[in-house]
Each structure stands twice: as structure tokens, then as C-alpha cells.
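**Q**
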Amino acid sequence: MKTHRLLATVLVFALVSAATAYAQQSAEERYQAGLYQEEVQGDLQRAIEIYRQILEDFPDSRAVGAKAQLHIGHCYEKLGLRQAQQAYQRVIDDYPEHRDEVAVARERLASLNHALAELDRKPTFRKIEIASKPQNGVLSPDGNRLAFISEGAVWVVPLQGNVGPDIAGEPVRLAEVPGVWDYWSLLAWSADGEWIAVNGGTEDEDVDAVSVIPVSGGEPRVVHVPDRGGHAWSYRVSLSPDGQRVAFSALEVESLQEVSGVLDRRIYVVPTRGGHPEQLTFAASRLPAFSPDGELVAYVGYRGREAKKGDITDAPFDGDLWVVPPDGGTPVKVANVSGKVRGPVWSPDGRFIAAHHEPEAGSNVSKEIWVFPLSPDASSAGEPTKITLPRMSMNMLAGWTPNDELGVFLERESRLAVYTVPASGGKAVQVSPEGVVIYPRWSPDGERVFLRLVRPGEIPPVRMAYILADGGDFVEIPWPERAFMSRVPGGGHNVSPDGRRIVISASPEPYSESLDVWIIRLDGGPPTRLTSDESHERYPCWSPDGRWIAFTDWHDNSEDEGFDAIYILPAEGGEIRQVTSESDRVGGGAIAFAPDGKRIAFFSGGAIKTIPVEGGQSEVLVAEIEYGRHSNLAYSPDGSKIAHNAGGKIWITPLATGVLEELRTGLPEDARLSEFGWSPDGEKIVFTASTGGEQEFWLIRDFLPEQR
Numbered sequence: 006m007k008t009h010r011l012l013a014t015v016l017v018f019a020l021v022s023a024a025t026a027y028a029q030q031s032a033e034e035r036y037q038a039g040l041y042q043e044e045v046q047g048d049l050q051r052a053i054e055i056y057r058q059i060l061e062d063f064p065d066s067r068a069v070g071a072k073a074q075l076h077i078g079h080c081y082e083k084l085g086l087r088q089a090q091q092a093y094q095r096v097i098d099d100y101p102e103h104r105d106e107v108a109v110a111r112e113r114l115a116s117l118n119h120a121l122a123e124l125d126r127k128p129t130f131r132k133i134e135i136a137s138k139p140q141n142g143v144l145s146p147d148g149n150r151l152a153f154i155s156e157g158a159v160w161v162v163p164l165q166g167n168v169g170p171d172i173a174g175e176p177v178r179l180a181e182v183p184g185v186w187d188y189w190s191l192l193a194w195s196a197d198g199e200w201i202a203v204n205g206g207t208e209d210e211d212v213d214a215v216s217v218i219p220v221s222g223g224e225p226r227v228v229h230v231p232d233r234g235g236h237a238w239s240y241r242v243s244l245s246p247d248g249q250r251v252a253f254s255a256l257e258v259e260s261l262q263e264v265s266g267v268l269d270r271r272i273y274v275v276p277t278r279g280g281h282p283e284q285l286t287f288a289a290s291r292l293p294a295f296s297p298d299g300e301l302v303a304y305v306g307y308r309g310r311e312a313k314k315g316d317i318t319d320a321p322f323d324g325d326l327w328v329v330p331p332d333g334g335t336p337v338k339v340a341n342v343s344g345k346v347r348g349p350v351w352s353p354d355g356r357f358i359a360a361h362h363e364p365e366a367g368s369n370v371s372k373e374i375w376v377f378p379l380s381p382d383a384s385s386a387g388e389p390t391k392i393t394l395p396r397m398s399m400n401m402l403a404g405w406t407p408n409d410e411l412g413v414f415l416e417r418e419s420r421l422a423v424y425t426v427p428a429s430g431g432k433a434v435q436v437s438p439e440g441v442v443i444y445p446r447w448s449p450d451g452e453r454v455f456l457r458l459v460r461p462g463e464i465p466p467v468r469m470a471y472i473l474a475d476g477g478d479f480v481e482i483p484w485p486e487r488a489f490m491s492r493v494p495g496g497g498h499n500v501s502p503d504g505r506r507i508v509i510s511a512s513p514e515p516y517s518e519s520l521d522v523w524i525i526r527l528d529g530g531p532p533t534r535l536t537s538d539e540s541h542e543r544y545p546c547w548s549p550d551g552r553w554i555a556f557t558d559w560h561d562n563s564e565d566e567g568f569d570a571i572y573i574l575p576a577e578g579g580e581i582r583q584v585t586s587e588s589d590r591v592g593g594g595a596i597a598f599a600p601d602g603k604r605i606a607f608f609s610g611g612a613i614k615t616i617p618v619e620g621g622q623s624e625v626l627v628a629e630i631e632y633g634r635h636s637n638l639a640y641s642p643d644g645s646k647i648a649h650n651a652g653g654k655i656w657i658t659p660l661a662t663g664v665l666e667e668l669r670t671g672l673p674e675d676a677r678l679s680e681f682g683w684s685p686d687g688e689k690i691v692f693t694a695s696t697g698g699e700q701e702f703w704l705i706r707d708f709l710p711e712q713r
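Numbering-wise (my numbering), the sequence shown opens with residue 6 and increments by one.
#1: For N562, write down the residues that DSSP places opposite it in a beta bridge.
#2: Is the CB-CB distance between T393 and P336 below 8 Å?
#3: Taking the straight line between their C-alpha atoms, what separation do you get for D409 and F357?
#4: Taking the alpha carbon of I201 as the point to measure from, which residue in G620, V69, R226 has its own alpha carbon closest?
#5: Count the CB pairs spanning the segment 158-173 and the segment 127-145 that are closer than 8 Å, and state whether there are at least three.
#6: What's the C-alpha gap between G324 and S352?
#7: Do R420 and E439 come within 8 Å of each other at the CB atom, strictly closer than that value?
#8: Please state the DSSP three-state secondary structure of Q700.
#9: Which residue from S609, G497, R552 puts its Cα closest to that of S623?
#10: Distance, Cα to Cα, R457 vs Q435?
#11: Do the segment 207-226 and the segment 177-185 meet, that is, are 3 or more Cβ pairs less than 8 Å apart?
#12: Among A570, G344, G280, which residue has its Cα nearest to the Cα of G309?
#13: Would A122 be called buried (16 or more neighbouring beta carbons within 10 Å of its own) or exposed?
#14: Per DSSP, which one or two residues make a beta bridge with V215?
#15: From R113 to C80, what does the alpha carbon distance come to, in whole angstroms?
#16: Drop a sphere of 10 angstroms on the beta-carbon of D232, count the other beta-carbons inside from all chains shown, and report buried for 16 or more, exposed for fewer.
#17: Just to confirm my understanding: we take G70, look at its own chain, exclude 5 residues before and 5 after, and list those with CB closer than 6 Å. What are they?
#18: When the distance is taken between beta carbons, is I596 closer than 8 Å to A576?
#19: Secondary structure at K138, three-state DSSP: helix, strand or coil?
#20: What three-state label does DSSP hand L192 in the structure shown?
#21: Ignore the nearest five residues each way along the sequence and tell me which others in E666's own chain have a CB closer than 6 Å to its CB.
#22: Looking only at DSSP bridge pairs, what is R241 linked to?
#23: Hey, out of I571, M490, Q74, A303, whose CA is closest to V328's CA?
#24: Using DSSP with H/G/I as helix, E/B as strand and the rest coil, what is L650?
#25: Helix or strand or just coil, what does DSSP make of I172?
#26: Does the distance from the CB of E416 to the CB of M399 come in under 8 Å?
#27: How would you write the range of the beta strand (DSSP E) that H362 sits in, first residue to last?
#28: Measuring alpha carbon to alpha carbon, tell me which of P513, F414, G653, D550 ends up nearest T536.
#29: Over the uninterrupted beta strand (DSSP E) stretch that includes V342, give me the two end residues.
#30: Taking a contact to mean a Cβ-Cβ separation below 8 Å, would you say A403 touches A340 in this structure?
#31: Whose CA, out of D171, G222, P710, Q140, lies closest to the CA of D187?
#32: Around the Cβ of D354, are there at least 16 other Cβ atoms within 10 angstroms (buried) or fewer (exposed)?
#33: On the three-state DSSP scale, how would you describe R604?
#34: For the alpha helix (DSSP H) containing I725, name the first residue and the last one.
#35: Apply the 10 Å Cβ neighbour rule to N637 and answer buried if 16 or more other Cβ atoms are within range, or exposed otherwise.
#36: Could you give the DSSP three-state label for S116: helix, strand or coil?
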């Protein structure tokens, strides 16, 4: 016990002696101790503490105080902290007589202010005027040209013509490609600049293909790939640097059907000269991008999470950034993302990956680009630099130039509303306020128009509403207590002949279930589920007598083959019966009962066909038409005409002549008409139309911290 007391006494005495010795140090000795911590030990925080103590304990030692205050600034600057500005300013303000220290402080403060101004400088945006106004495109590896899809062909346009640096030159048609299409910059350019890959290459709607086109001219290579399903972003492709392999996402070869929704894809690579696709990922993944050296493929991998209660737009998954070797190997998650990234592109030196970021809400709209710095082996990513976009974007990024510019398509401000026009054409009238509206559907008495309304920021944001046929504000109607997310497009929203119910294709909260056919009562009563399986029913519609509902769905021939077919079932529920066969070649888009209820019309191979409700031989109703994957279709009430939409216009075909006629509305030339419906008396057509919203091409620079 005595020994312990003795040791304690010695320890206390030592501490007191050390404290006394420290207190007896002169200001200069303390200053030298601070320098030792700053310059020898590298302990900047400890050095700051010593310098501050000098200022507190030796307020009259002005010469040492000036040096201590100056070195506080040095330490903060080495730490990369903005407090350095304040520290240097205090030297100038508090020690004006010490000219040497003040001169150094002024020099460092000026340099620091300039550096911080560069850091605070926002990225710059430069719009490139392209007269042909492409709505998609990717940059060439040298950043001088843009490849895009238009009018069934692949085009290349120089970003600088003969007029000025921001005015593009003359586009050149590179190649016509059967069935080519692109809405959101899904095509790819190889890093050697020799090849461009696009979706298309065959007129057969049942065959998925990618065409790889030599930029210098020659025959394209047509690469057949597994079925990629129904969502456009599953069609993003990427070429290896030498253009000899193409990466893409597709349904899993073993199943070839959408089991868990639009994200249920895997990443594959296949030689462009043909061969067996090699599967690289085995979980939900899309949007591949080869690295500049070809050693890795970046992609977006999806993981589920719990949806936010009551928020119908909250997508219950996040999209993280991953990489995988193209020859096979273990995928590596390089960045965990709240929300999801979209369409990654690599910097030319492979040190960064940029991607659009979408928030947690289930929207495809992005207003930010995230730029991830990569570790040397690209196995992890640091905190991203976030670029706020002045407008929203739905395209993939167009590329990253050698001058560190990002290519991006930004949307012009758009206006969307509901209109009516005489069925014979004329001057349209706006009958709804502007808003996010779709599926305008007449009530059977012709007095109201029902529609799907989105109110962003509200819970639930997706509502059912109606407007008066002559125009008026939105009037919301009762919606089931359990929120629904209806499919867009293909959700139906068709009103029953008795005006009491609506049929939709939808998934109920928490939106992890498949899309099924539901009957929603307009009086707010409980909904009725008519289908319950793992597939995704589309375009449900009523028979004229209200007894039947028809819809389209995928039919499996085997584990790896199938086709779209039309089905029918009783409106009160019951046995589902298949109407069409594979030979009918049901295409994308809506279906419609004839007014007498005996036949069903559908799109197929560049035509509108019909088939008896009981099944049997289909017949061409209207030949040689154009339509989109999500075109609408409707008979006139008397059955003498049929209408469909394509290319932003509504087309009406008298069945007696078979000659298409554009519905004239008097709206501006840039107005794009989409979903529509025929009034019960056949006198008017209701439709949604948007103006603005076109994509414009911009280049972004000065977005990397090292550049700023």
C-alpha cells in the first residue's frame, strides 16, 4: 500500500513539474514547439492549439504573436479548411506593424481567395444549335461529332460547322437500318471511333437485334440478342473499345419473361460477328458501359428496399454503380446510391464515371449528374461531385470528351393539357388546366372526361379525376384506400359502358407485386382483382356490352420463347381465354373492341388487324401504317372509322377507303398529340397534347473539383 502511495505521489509531482516547466517557457520557446509539431511531426491540430495558447498567454509578445497567427493560417490551409482565410485576415488586422508577416498573409490570402473562387465557380453549360434537332445521340470519342437516329437511319453531325463554335455543321446519313429506333440515347460509339451500335436491324418485331455500323462505310453487322423485354432503358448498348463486342441487358435466357418487372434484366456481352452471349451478372442489372481500356463494364445494379408508406411514386428499389470484367468474374459494387443512377459513362482516362441521378421517387426524370472518382483499380468510388442541371433530362448522358466536357440532352419547358376537337378536324379547345395528365376517357353520357392525374409532391400523388366535357378544373374522385400505381403506358383506364367502373393494369401498394387487371369502382367501393400471376397484363379494355375485358400479355411457348397475345375474361372474373396465336403477330400498343363487340382490333407488322372474339383467322383492317410501341387505338362509335396515334399525330382511317387522314387540330406544329378517345356520339375526339419538351444538346465543362 505504501509503495502505491509513493508512486502516486511521484506521478503527481512529475505532472506538476511538467506543467510548471511548460508555463515557464518563453513565447519564443512555445513558438518553436509549435513549429516542431507543424513541420516535423505533421500534427497540425496540435500546432494550432500551441499557437492559440501563445496568443492567449503572451498578449504583449507582438512579434511572436504575429508569427503564431500567421502559422495558424498555414495550418488551416494545409488542412484544406476555409478558416485559413480568417486566420490570415487577423494577421493583417491585428498586427499591422509587422510588415513581413502581413505581406505573407496578404499574398496567401489573395492566392487562397482565388482558389476558393475557382472551387465555388459553378459548371458552365454551352448549348449547341443543331438545325435538325436530334432527340437522341452519343458523342464520338474525340468529342467532335454526334451520332443520332432519325427517319430510320443513323446520322452523324459535326458539332462545329462553318458559322460559329456553337452552331453544328451539316448532318451526314451514315446508314439506313431496318427497324432502327432510339428515344433516349441508347446507341453507342466504340472508343476507337470506328463503329456505332444501334438498336434494330430487322423488320421482324419478334426478333431483337443490334446493328454495328462501320463509320467509314460498309455493311452493318446484325447481332441477334435475347429478348430484352418492354422497357426502353433495357435497350442501352455499349461497344468494346475495338468494336468487336457489344454489351447489353436482356431477360435471363433461362426464363425470357418479365417476372419482377422492368428491372428484371441481366448484363451480357456477345461478339459483333456473332456467337453465344456470355452472361456477366446474375441479379437485376441494366445500362452497361465499357471502360475506355475495355477491362471493365460499368452498369447499374438494383436492390430492393421498403417503399415509403403512402407515396405511390416511391420506387421500392435503388440503383447502385457496379463494374464487372467483360470476360466474366465477380461483379463489384463501387458506389451505394440512394435513389438510382442512370446511363453511366466513363471519363476518357478511366478515372471517373458520370451518370444521371434519379431521386427515390419512381420518376425517370433527372435533374442532377453525379461524377464518381474511382480508386486506381476501380474497385470503389469516392464521394461524387454533383452537377445540378438547369432543366430536367430523360436521356442517357451523351458522352465525355477528351476536353473534359459532358454531353447532355436537356428538355425545353413543356406544357401538357387535355383538348377536344371535332372528329372531322377543326380548331381544338383546351378543356383542362395544365398538368401531368394521361388517359382521357369519356363517360358514357358524354358529359365528363375521366383521366389519370399526377400531383407531384402530394401523397398519394397519382389520382383519378374528371373534367367537364366543355372544360373545367380537375374534380378528384374517390380512390381505393389501398393506393395503386397504374401502368404508363398500357394502363388502360377505360370506363365501363355503364359508367360505374374503370379497368386498369396496376400494381397495388407496396408496388412489389406484378401488374394485374383491376376493376376500380368510381363510387369509391372496394376494387376487384381479375388476374393474379407473375406476368404484366397491358391495355385492358371493355367489350361494348360490359360483359368482357380484353388485354394483352406474354404467352410462353417454352422457357426461352414466347409472344404477345390477346386474352379475354368475364368482367366479373372467371376463366381467362386466349384469343390470338403466334401467327397473328400481336404488336405493341392498345387493342380495341369493334362497336358490335364481335371482333378485336390490334396492331401487327405495319398494319391494323382484327380477329373474332371467339378466335380464328385474323384479317388486315388497315394496311401500311406507322405506329409506336405504345400507340392508342379506337373505333368510331358507328364502326365506320378507326383512329390511332403515331409520330405525335392522330390518324383517322375511314374503313370504306382505307386511306389515312391526319386529324387537324389547329395547334402549333410542335404540338405532340398522344392518348385520345372518341366521344359517345362520335362528334368529338378528346386527346392530350404537349408543346415544348424537345431535347436540346448541351456541353458541360468545369465540373471537376480539380478543374475548379
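Where a beta carbon is used, it is the ideal one built from N, C-alpha and C, also for glycine.
**A** Considering the structure as presented:
#1: Its beta-bridge partners do not exist; DSSP assigns none.
#2: no
#3: 11 Å
#4: R226
#5: yes
#6: 20 Å
#7: yes
#8: strand
#9: S609
#10: 17 Å
#11: yes
#12: G344
#13: exposed
#14: N204, V228
#15: 12 Å
#16: buried
#17: L60
#18: no
#19: coil
#20: coil
#21: I657
#22: For R241, which the question treats as bridged, DSSP gives no partner whatsoever.
#23: A303
#24: Just to set this straight, residue 650 is Asn in the shown sequence, not Leu. The answer is strand: DSSP assigns N650 an E or B state.
#25: strand
#26: yes
#27: 357-363
#28: P513
#29: Where V342 is concerned, there is no enclosing beta strand (DSSP E), given that its DSSP letter is neither H nor E.
#30: no
#31: Q140
#32: exposed
#33: strand
#34: This structure cannot speak to residue 725, because the chain is shown only from 6 to 713.
#35: buried
#36: helix
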